[in-house]
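So the structure is just underneath, and the comments pick up after that.
Number of protein chains: 2
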Amino acid sequence: MTKAGKSVLIVDDEAPIREMIAVALEMAGYECLEAANAQEAHAQIIDRKPDLILLDWMLPGTSGVEFARRLKREDRTAELPIIMLTAKGEEDNKVQGLEAGADDYITKPFSPRELVARLKAVLRRSTPQGIEEPIEVSGLLLDPVCHRVTSNDKPIDIGPTEYRLLQFFMTHQERAYSRAQLLDQVWGGNVYVEERTVDVHIRRLRKALGESHEHLIQTVRGTGYRFSTKVS
Amino acid sequence: MTKAGKSVLIVDDEAPIREMIAVALEMAGYECLEAANAQEAHAQIIDRKPDLILLDWMLPGTSGVEFARRLKREDRTAELPIIMLTAKGEEDNKVQGLEAGADDYITKPFSPRELVARLKAVLRRSTPQGIEEPIEVSGLLLDPVCHRVTSNDKPIDIGPTEYRLLQFFMTHQERAYSRAQLLDQVWGGNVYVEERTVDVHIRRLRKALGESHEHLIQTVRGTGYRFSTKVS
DNA sequence: TAAGCTCGTCACGGAAGTGTCACACAAATT
DNA sequence: AATTTGTGTGACACTTCCGTGACGAGCTTA
């Protein structure tokens, strides 16, 4: 399925601190990635898809807060949990940090034990089967646990790609996506396929859904597709 | 909105390779600039302000990595996305490249398709579309995220051009625009179409909006059109 | 190895969208 | 009132975009 240990991206401009944290986390069974600034961090996020980010308040260039805000605004990274690190226990920072979208907040110095504890808590909170809940839209049901789709209790047989496509749509309803965005989100960012391939899978998905539900997937001419219960 | 094609700076010391890449990118609709070394590249960046840089790993004089690092450190160019090119798929390079601030990484040889795909992905990522809030004017709602227009909650069906036109008007209310200005802003600067074409699209848009909202688009005789809630 | 699936690509045809024209109509100018 | 100028409107050819069936490559299963 996926890898066993969760991976954590440590973003801090001071290498020794990164190292220290990395050692502590690795002992606790986490895989560690490191980045010294916002650019590196972004590259790592895209490339390695960590499960959580430890983000230092102070960063050269783009500040930690600003970076957090940016991540939360980006659709693909909005779900990524962030823990902020700050040197002094200034309450102002805490508020700003949380407002920027951080999920938790630790002041340096902190014990490894505290760090791991918070980390676990945040992961438990944000990883859980938020995506594992069945989704139902007007008789169309997608159950991630059983990995099964039913239309009015009648089982729908679709391939893995169509399944992921449908799952993405059902968790991101009403919003229009370009073919490129769908390739990014459903196929995964670093594969190359023709954009028109999306059309074909849309077609297969529609066909599988049948007349009762195919209208849920709407074409947005000149743009892409949209999953919506509202008529166009 | 802005210019249609993005411009890409190709930095490689071998002219044939630059040429090959340039051809591939131009076919995909990108404007290409070229540079054989770090000095030339820097001059081009200042002068032409490309939207993305394709940077060869090996360069005479200042190496690609070093150059990338320098760019990221410079304030004015820090946001410029960089894709690294390298001859061999050495993982070491990859890490170094990403740490130096590259946004993506391609190993030669690569297919033009792959190149274009990655390029698109990086551009999409690094051009965080401005926060797209829905705009509402007296019952007329345009939602950029859903790519949808509703008049008193009733969906309005319009083509891409009318959509862009309406979006422009709603973000630039109360001001009169000439046909030439509208062609510039909505059609994009470097296309030639008859000015009277604007009239036709205005007409189509008014028709689609229906009696309830068509009066929002007002004719300014001798000048052009205006989107306004105030009656004339 | 063959059979069965899924996937990505292509080519064709049809549908929707686009730009231009001609003419009708309205407003300003004489 | 007649003329000139500017805009509304319907129709048409043309282009672009999307739906669709078919096909071969790769992978898994038997």
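First to last, the protein sequences are chains A and B. All residue numbers for the first sequence refer to the working numbering, where the first residue is 1101 and numbers rise by one. All residue numbers for the second sequence refer to the working numbering, where the first residue is 1101 and numbers rise by one. C-beta atoms are modelled at their ideal positions from N, C-alpha and C, and glycine is treated no differently.
| Query | Result |
| --- | --- |
| 8 Å contact criterion, which Thr1329 of chain B and Val1237 of chain B should meet: CB distance rounded | 6 Å |
| Nearest-angstrom beta carbon gap, Arg1148 of chain B and Ser1107 of chain B [assumed within contact, 8 Å] | 7 Å |
| Distance CB(Val1366 of chain B)-CB(Leu1125 of chain B) smaller than 9 Å | Here chain B has residues from 1101 to 1332 only, and residue 1366 of chain B is not among them. |
| Those runs of the alpha helix (DSSP H) which lie wholly inside the segment 1131-1172 of chain B and span at least 4 residues | 1138-1148 |
| Proximal residues, the segment 1273-1305 of chain A versus chain B, C-beta separation under 7 Å | Glu1274, Arg1275, Ala1276, Ala1280, Asp1284, Gly1289 and Tyr1292 |
| Option nearest Leu1266 of chain A by Cα separation, candidates A:Ile1302, A:Val1293, A:Ile1146 and A:Gly1239 | A:Ile1302 |
| Three CB pairs or more closer than 8 Å across the segment 1300-1315 of chain B and the segment 1245-1262 of chain B | yes |
| Length of the line joining the Cα atoms of Phe1210 of chain B and Gly1129 of chain B | 19 Å |
| Coarse secondary structure for Arg1303 of chain B, derived from DSSP in three states | helix |
| Closest by C-alpha distance to Ala1135 of chain A, when choosing among A:Asp1243, A:Ile1153 and A:Arg1213 | A:Ile1153 |
| Three-state secondary structure assigned by DSSP to Phe1327 of chain A | strand |
| Contact check, Asp1113 of chain A vs Leu1159 of chain A, beta carbons under 9 Å | yes |
| Proximity below 9 Å, CB of Glu1244 of chain B to CB of Pro1260 of chain B | Before going on, a small fix: residue 1244 of chain B reads as Pro here, not Glu. In this structure, Pro1260 of chain B does not lie closer than 9 Å to Pro1244 of chain B by Cβ. |
| is_contact[Val1320 of chain A, chain B] using C-beta, thresh 9 Å | yes |
| Interface positions of the segment 1230-1261 of chain B facing chain A (Cβ-Cβ less than 8 Å), listed along the chain | Ile1231, Val1245, Cys1246, His1247, Arg1248, Pro1255, Asp1257, Gly1259 and Pro1260 |
| Completely contained beta strand (DSSP E) runs for the segment 1239-1286 of chain A, where each covers 3 or more residues | 1240-1243, 1248-1251, 1254-1256 and 1276-1278 |
| Ala1178 of chain B beta carbon less than 9 Å from that of Thr1162 of chain B | no |
| Alpha helix (DSSP H) segment containing Val1333 of chain B, residue limits | The requested residue 1333 of chain B does not occur in the structure, where chain B is confined to residues 1101 to 1332. |
| Proximity test, Cβ basis, 9 Å: Val1161 of chain A and chain B | The residue asked about is misnamed: residue 1161 of chain A is Gly in this sequence, not Val. Yes - at least one Cβ of chain B is within 9 Å of the one on Gly1161 of chain A. |
| Listed by chain order, chain A residues near Glu1214 of chain B by CB distance under 9 Å | Tyr1292 |
| Chain A within 9 Å of Arg1218 of chain B, Cβ atoms only | yes |
| Close-in-space but distant-in-sequence residues of the same chain around Phe1268 of chain B (CB under 7 Å, 5 per side omitted) | Gln1285 and Val1286 |
| Among B:Arg1326, B:Lys1307 and B:Ala1308, the one whose alpha carbon lies nearest that of Arg1279 of chain B | B:Arg1326 |
| Rounded C-alpha distance that separates Val1291 of chain A from Leu1316 of chain B | 46 Å |
| DSSP-derived helix/strand/coil call for Glu1232 of chain B | coil |
| Burial state of Thr1186 of chain A (16 or more Cβ within 10 Å) | buried |
| Residue span of the beta strand (DSSP E) that contains Ser1107 of chain A, given as start and end | Ser1107 to Val1111 |
| Residues that Val1331 of chain A contacts on chain B, provided the C-beta gap is smaller than 9 Å | Pro1255 |
| Inter-residue spacing [alpha-carbon to alpha-carbon] between Gly1143 of chain A and Met1184 of chain A | First, the residue type needs correcting, since residue 1143 of chain A is Ala and not Gly in the sequence shown. Each residue's Cα considered, the two are about 19 Å apart. |
| Burial state of Gly1164 of chain A (16 or more Cβ within 10 Å) | buried |
| Residue range of the beta strand (DSSP E) that includes Tyr1205 of chain B | Asp1204 to Thr1207 |
| Contact under 9 Å by Cβ, Met1270 of chain B with Leu1305 of chain B | no |
| Sub-9 Å separation of Asp1151 of chain A and Val1111 of chain A beta-carbons | no |
| 8 Å CB neighbourhood of Leu1223 of chain A in its chain, flanking five on each side removed | Lys1106, Asp1151, Leu1152 and Pro1181 |
| C-beta contact flag for His1272 of chain B and Ala1276 of chain A at 9 Å | no |
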